[in-house]
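Trainee: There's a structure below that I have some questions on.
Protein chains: 2
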Amino acid sequence: MIRHTVVFTLKHQQHSLEEKRFLADARRILSAIKGVRHFEALRQISPKSDYQFGFSMEFADQRAYTAYNEHPDHVAFVRDRWVPEVEAFQEIDYVPLVLP
Amino acid sequence: MIRHTVVFTLKHQQHSLEEKRFLADARRILSAIKGVRHFEALRQISPKSDYQFGFSMEFADQRAYTAYNEHPDHVAFVRDRWVPEVEAFQEIDYVPLVLP
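These protein sequence lines map, in sequence, to chains Y and A.
For what it's worth, our numbering labels the leading residue of the first sequence as 17, then goes sequentially.
For what it's worth, our numbering labels the leading residue of the second sequence as 17, then goes sequentially.
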């Protein structure tokens, strides 16, 4: 299992219609892409971080993650919505750690 | 539900005994603190991030999260292990986003 997360801040004014539209569209478009499991739209609340929102999703393996990255709906979303509307972001990807 | 996450890099050499010990001790000590749910020890794998590891845990509400932060076992762990052994870290906390 690979958990792909991205924490981000939008260019839009807080609580604006544009903000709501971006978040709802992202969830609708990205969660529908083949291989995406446990998609979550999140609000970042730590005062120690400046980011506003997060998405989290899981993939069965690297092949499924790569297919998502290359999927036309993902590529179009990044080009048409992410790049123009996101101010700053950071990607963090996890796999479970095997401890003795 | 509040999901508390921290992504971090250790001062220890990769795959060292000290690294393994820190990760195993952290999991054992932190996951046993009252109110901690779904504790996960994770390896960070995105080449776009410099961090090596992550912990994720969930709390029922802010009261439970505050109690964890103030718990003597957490305070002692931060003082005796986290501060001396962690090179860099970032905290990201999430709550589910309610979308229409």
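The beta-carbon is built from N, C-alpha and C at its ideal position, and this holds for glycine as well.
In this text the structure is predicted, and so the values were computed from the model without any measurement.
#1: Here's a check: name, in chain order, each residue in its chain whose Cβ is nearer than 6 Å to the Cβ of PHE93/A, leaving out the five neighbours to either side.
#2: Would you list the residues sitting across from PHE105/Y in a DSSP beta bridge?
#3: TYR110/Y bridges to which residues according to DSSP?
#4: Alpha carbon to alpha carbon, how far is TYR110/A from HIS20/A? Give it in angstroms, no decimals.
#5: Flag TYR110/A as yes if its beta-carbon sits less than 8 Å from any beta-carbon of chain Y, otherwise no.
#6: Which residues, in chain order, does the region 47-70 of chain A contribute to contact with chain Y at a C-beta distance below 8 Å?
#7: Taking DSSP as the reference, what is the three-state secondary structure of HIS54/Y?
#8: Please state the DSSP three-state secondary structure of SER32/Y.
Mentor: Put simply:
#1: ILE45
#2: PHE24/Y
#3: According to DSSP, TYR110/Y shares a beta bridge with ARG19/Y, GLN60/A.
#4: 7 Å
#5: yes
#6: GLU56, ALA57, LEU58, ARG59, GLN60, ILE61, SER62, LYS64, SER65, TYR67, PHE69, GLY70
#7: Taken through DSSP and simplified to helix, strand or coil, HIS54/Y comes out as strand.
#8: Here DSSP, grouped into helix, strand and coil, assigns SER32/Y to coil.
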